[in-house]
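Numbering (this note's numbering), first residue to last: 5 to 106.
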């Protein structure tokens with residue numbers, strides 16, 4: 005069953021965060037992952053969450069064949085090497101969503 009990693013980022017340093025995203029691109033394929041969404045314009049459609057009534061950040065959505073593949077990617081040596089770029093370049097939060105098998 006496919007899984008999705010949805011990450012919202014409030015970018016503080018575009019150069020550093022771009023280095024993270026570029027580095028992630030080269031790692032994903034090793035674990036069967038791929039980008040579905042990579043930044044771009046975000047349009048707020050509903051601001052119903054009271055504590056979070058703010059303009060959304062940038063979003064990245066990744067697809068992996070399984071949760072095992074996603075977790076292997078996130079714990080890999082190569083990913084751990086680029087993770088500091090993410091932390092320095094942006095404030096982020098990430099979610100795991102399980103997909104449906106057609």
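All C-beta atoms in this analysis are idealised placements derived from N, C-alpha and C, irrespective of residue type, glycine included.
Fair warning: this is a prediction, and the values are worked out from it, not measured in the lab.
Which of helix, strand or coil DSSP assigns to residue 23:
Your numbering for residue 23 matches position 19 in the chain shown. Looking at residue 23 - three-state DSSP - the assignment turns out to be helix.
Let's test the definition: count the other Cβ atoms within 10 Å of the Cβ of residue 5 and tell me whether it reaches 16, buried, or not, exposed.
On the chain shown, residue 5 is found 1 positions in, with the first residue counted as 1. Exposed: under 16 other Cβ atoms inside 10 Å.
Whole-number beta carbon distance between residue 66 and residue 39, since they are thought to touch under 8 Å:
Locating residue 39 in the chain shown gives position 35, counting from the first residue. Locating residue 66 in the chain shown gives position 62, counting from the first residue. Contact holds; Cβ gap of about 6 Å.
Pull up the distance between the alpha-carbon of residue 89 and that of residue 35, whole angstroms please.
Indexing the chain shown from 1 puts residue 89 at position 85. Indexing the chain shown from 1 puts residue 35 at position 31. Using only the alpha carbons, I get a separation of about 20 Å.
Taking 8 Å as the cut-off, does the stretch 15-34 touch the stretch 83-100 (at least 3 CB pairs, one atom from each stretch)?
yes
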